[in-house]
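Going by our numbering, the first residue of the sequence shown is number 373, and it counts up by one from there.
The structure appears below as structure tokens.
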Amino acid sequence: MKPHRPAGEAAASDTRLARRYRSLLLAIALPLFALIAILALMQYRQQREAHLRVLAETTASGTVALENLAKATADYVADLRSYMETELGRPNPGTAGRLQAYYGPRTTRHGVDGYNLDGLPSELRDRTGQIWGDAAGHDSGAVRDLLRIGEDFFSRANTVHRLEPFLRWSYFMSAGREIVYTFPWLPSREVLDGTGFPGQRAMMQAWYENTIYRLALPAGNPENRPYWSPAYLGEGESGALISYAAPLTVYGELRGIVGTALNLPTLTDVLRQPAGSKARMWLIDRNGVLLADTSGMPEKVLMTLRMRLPAGVTAEDVERALESGGSPTEADGHQLIARPVGHTPWTLVTLASEAEIRALLLPRFLPYLIISAALAGAFLTALLALRREFIQPALALVQYIQRISRSETEAEPAVPRLWQPWVELVTRTFSGHREAARRQRESETLKAAVVDHALAAIITTDGDGVIIEYNPAAETIFGVDRENALGRPVSDIIIPERNREAHRQGMARLRAGGAPRIIGHRMELRALRGDGSEFPVEMVLSRSDVGGKVFYTAFLMDISDKAAREEELARQRERLRQGEKLSAMGMLLAGVAHELNNPLAILIGRAGLLESKCHDDSLRGDVEKIQTAAKRCGNIVRTFLGMARQRPMEKRPVQINDLVSGALDMLGYSLRNHGIKTVTALDPQLPEILADGDQIGQIVLNLLVNAQQALAGCGDNRQIRVGSGRDEEAGLLWLRIVDTGPGVPPDAAPRVFDPFFTTKPEGAGTGMGLSFSRSVAREHGGDLVLEAGGAGASFLLTLPLQTRGDADTAAEPETPPSQQGHDARILVVDDEKEILDLVREILGSAGYPIAAAESGAEALALLAGERFDAVISDLRMPGLDGPALRREVALHHPELEQRFIFLTGDTLSSNAAHYLAETGCPYLEKPFAPAELLGQLKQVLDR
373 MKPHRPAGEA AASDTRLARR YRSLLLAIAL PLFALIAILA LMQYRQQREA HLRVLAETTA
433 SGTVALENLA KATADYVADL RSYMETELGR PNPGTAGRLQ AYYGPRTTRH GVDGYNLDGL
493 PSELRDRTGQ IWGDAAGHDS GAVRDLLRIG EDFFSRANTV HRLEPFLRWS YFMSAGREIV
553 YTFPWLPSRE VLDGTGFPGQ RAMMQAWYEN TIYRLALPAG NPENRPYWSP AYLGEGESGA
613 LISYAAPLTV YGELRGIVGT ALNLPTLTDV LRQPAGSKAR MWLIDRNGVL LADTSGMPEK
673 VLMTLRMRLP AGVTAEDVER ALESGGSPTE ADGHQLIARP VGHTPWTLVT LASEAEIRAL
733 LLPRFLPYLI ISAALAGAFL TALLALRREF IQPALALVQY IQRISRSETE AEPAVPRLWQ
793 PWVELVTRTF SGHREAARRQ RESETLKAAV VDHALAAIIT TDGDGVIIEY NPAAETIFGV
853 DRENALGRPV SDIIIPERNR EAHRQGMARL RAGGAPRIIG HRMELRALRG DGSEFPVEMV
913 LSRSDVGGKV FYTAFLMDIS DKAAREEELA RQRERLRQGE KLSAMGMLLA GVAHELNNPL
973 AILIGRAGLL ESKCHDDSLR GDVEKIQTAA KRCGNIVRTF LGMARQRPME KRPVQINDLV
1033 SGALDMLGYS LRNHGIKTVT ALDPQLPEIL ADGDQIGQIV LNLLVNAQQA LAGCGDNRQI
1093 RVGSGRDEEA GLLWLRIVDT GPGVPPDAAP RVFDPFFTTK PEGAGTGMGL SFSRSVAREH
1153 GGDLVLEAGG AGASFLLTLP LQTRGDADTA AEPETPPSQQ GHDARILVVD DEKEILDLVR
1213 EILGSAGYPI AAAESGAEAL ALLAGERFDA VISDLRMPGL DGPALRREVA LHHPELEQRF
1273 IFLTGDTLSS NAAHYLAETG CPYLEKPFAP AELLGQLKQV LDR
């Protein structure tokens, strides 16, 4: 018989059994409840994502609606702009329209304050706007034209305003500040009362100082583009408005603006949301000012988005949402969606709080609660049946698990056949666990091998910064062996002394619970080697929590070579910056030279006329000296302009000696100021060669400037020798420039023509001059070399002797006699009176009958009443310039289109050069001699 257990022991055993059984039941039931919870959570997330998609689609549709509204507004303003530019570009006949009869003065006790349409009949007011005018010039032809144009302007505005109720105002403001249109019509007293200005003139002045008009000025809008204004408060009861306006330009001149204003509440009405949605939508401009708010816009107050955003959501969150391309972005318990509105500087923002989303979605999950309650009841019902069939085997299985966890040799218990697979599963599980532990130990050994053989230095410290791991790469990089590193603070090993205190403070902050700032970020910093030297490293720091302890691991790479390369790149960028600065200075000098063209043209022309009138030899000699000096100035100006022009290489017959003389003239003052003497030995029999004179002149100038800079630090013997000649056997022309400076160091001579290489001090050169000069010489079929031997530096330029043939030689035009009669009648047009008088006197002394005009408009008036055989015109004039005058002449006097001669000092301008090259019109560059003008005119008349 089995021994009988006492009743108390049996009860205690039953209690333990029941307790274990309940634990087992919970172990089975809880995963099922967890599964239901996971399914509910997944469904919630799907519903939430669907709701967010609806918000994104609503935002997108709102964006489309706003874009359509903006497009309609832009099309309307474009139509007004086209009409006004066409009308303003017509000649001014000064014709008055019907509105002239109602355009009357506004009188105050101080006198006439301006003109308006207060006297407009009531039957015309609903389709006509108000016109505001200045008292000055109220009856001029220009004002009458603007009154006539206003009739059609108001007709167009009336049609569109009836179709588009979102428009509040349409307006036109003339650039001359004499006329302003506003539609619809309001009496002046009502507008003035709404604005608070004392009078009409003060109100108009304020309109022209307003941002809407200033945005059209060329200084801030050089491309004359239409624009949206910032939001503003309109006059009177207009409320908050925003304007879309466009500048009006006629022949490149600003003539005014046209535009229309929209009520901001209209923009709010455009935005629609799905039923039941509690999300808010805002429309903001580029400055963050609210243009629309679906929760309601305050009246007569402009607010920014920052004032409406809930606590915790910032403007930076809105920018981040805008970058996500219309996808929802989380921001402090809210979902943000932002999209730009096309054709505008606006952004549409949608915001919904997570709390609102949860309140909307949670009622949908009541069925999951019912299912959970039913499952709980089923499990309680099964309690008795499970106790009988499963409790005892389960306890036996638990005891077996406890035993086998301590010893792998434990025998399996005797259990019913139903539980035998579980016992086998436990046996296999523990066997697999022990095998996994063995593999983990092997993996740890492998990881240690990887760390030991890594190329990067790997240093691990505990939470106090004491080194506990230090791989061989760290020994190599920092020069400290592992034994000396382990157990020491990392700051004493690799951190420079000046940074150690900051490191200690950072470690203390982390131990106190502060947020990590550098963990996970790639950083470049200075590190310390064992010999005390510093070097740059790249570091990534990671943090690990193991067993409740904190460890930090740093991965470091020596980037000394990378830092050296970056320093070299920085030096090269500095050289490029110096080159750009020198290029800008060259263009500035070219601009100054260009401004000298007009006075030089007057000086040379007047000297030529004076010479023809002088019969006294002594006076003639003085005039010749004036001419010589003026022509020398002209040559210097041409040289400057030739250097500043940027164009493809163009070979023409040039005389190398003339290029040398021009360069020496240009540098003459600088050379004399530095005490440098120039000695020339130029072969006077050198033929002309085919070359680009500007580029070859640049080579000569570069070599002379280099010689001047080399002599700057020398003693008294400062001399530059320039010689030229030719080698008939080699078919070359040569030019040698030698200075008495220190010469080129032998180690630098092989690199002197390399780009960016220079022997000059920092900031004194770009290292591109000699490289450019050699490349130009070789493009011409020659070469530029540094000659060895001798004192100073000697550069030899060689160019092929490609002289022009007799067939290419064009005879110089024969200078017409100073006094001879002509039947041809000439029209001269120039806005500068001195040039106009000069040309008139030159032509008059040659016997040509002439007429003069100081503007393009005056020239057209002369052409309408007289016959002319040729036109000599300045290329650039205010108002109607030379090209525009030629186009008008081609329409009304086509026989004169090919008899135009342009006078210009503006060939440096790409627009002028392109026009002259495209049309093939003959032209003279200022300054010019009388003989050049008369010769050019004779060629045109001979056509």
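Glycine included, C-beta positions come from ideal geometry on N, C-alpha and C.
Residue i vs residue j beta-carbon contact at 9 angstroms
i     : j     : result
F1240 : L1232 : no
V1148 : D1064 : yes
L1309 : A1224 : no
V912  : R889  : no
L1104 : L1173 : yes
W557  : L471  : no
P477  : G486  : yes
V426  : W504  : no
Y604  : A617  : no
A507  : V484  : yes
R420  : I729  : yes
E1238 : D1203 : no
R901  : P908  : no
G660  : P637  : no
Cross-strand partners of residue i (DSSP beta bridge)
i     : result
N488  : G476
E1273 : Residue identity check: residue 1273 is Ile in the sequence provided, not Glu. Paired residue(s): I1244.
S1166 : V1110, E1159
W504  : V552
R652  : L723
D665  : W654
Residue range of the beta strand (DSSP E) that includes residue i
i     : result
I912  : Per the sequence shown, the amino acid found at residue 912 is Val instead of Ile. Unbroken beta strand (DSSP E) run through V912: 906-918.
I1092 : 1091-1099
I1222 : 1222-1225
A899  : 895-900
K1049 : 1049-1053
A617  : 612-622
P1025 : 1024-1026
V1200 : 1198-1201
E625  : 625-635
D930  : 921-930
M545  : 539-546
For residue i, the first and last residue of its enclosing alpha helix (DSSP H)
i     : result
Y580  : 572-581
E1230 : 1228-1237
F526  : 513-535
A1082 : 1065-1083
R481  : R481 -> no alpha helix (DSSP H), and no H or E assigned at all.
F1144 : 1141-1151
Sequence-distant residues of its chain with Cβ nearer than 8 angstroms to residue i (five each side left out)
i     : result
L1075 : I1109, S1145, F1167, L1169
A1165 : N1078, A1079, A1082, V1110, D1111, G1113, G1115, V1116, L1158
G705  : G684, S725, E726, A727
R499  : F526, S527, N530
I839  : I831, T832, T833, A857, L858, G859, R860, P861, V862, I865
E780  : F802, S803, R806
Y455  : D524, F525, R528
Contact set for residue i: own chain, Cβ-Cβ below 6 angstroms, skip 5 residues either direction
i     : result
V922  : G835
T925  : T832, S914
R711  : T431, T435, G698, L720
L1275 : D1246, L1296
N596  : P619, T621
Contacting residues, own chain, Cβ-Cβ under 7 angstroms from residue i (five flanking each side not counted)
i     : result
H1265 : L1235
W794  : L769
H376  : Note that H376 scores a pLDDT of 45, beneath 50, so its modelled location is shaky; the value from the coordinates is reported in the next line. So no residue of the chain qualifies.
P1185 : For P1185, the pLDDT reaches just 42, beneath the cut-off of 50, and the residue's location in the model is therefore unreliable, leaving the point undetermined.
R1316 : Given a span of 373 to 1315 for the chain in the structure shown, any question on residue 1316 remains unanswerable.
Any C-beta of chain C under 9 angstroms from that of residue i
i     : result
V1124 : Absent from the structure: chain C. Only one protein chain is present.
Q: Let me know the beta strand (DSSP E) ranges lying completely inside the segment 689-754, each 3 residues or longer, listed in chain order.
A: Correct list: 706-713, 718-725.
**Q.** Continuous alpha helix (DSSP H) assignments of at least 4 residues falling wholly in the segment 848-874
**A.** Considered as a whole, the segment 848-874 harbours 854-857, 862-866 as its complete alpha helix (DSSP H) runs of no fewer than 4 residues, in chain order.
Q.
For a minimum of 3 consecutive residues, which ranges assigned as the beta strand (DSSP E) are wholly contained in the segment 787-838?
A. Complete beta strand (DSSP E) runs here, min 3: 829-834.
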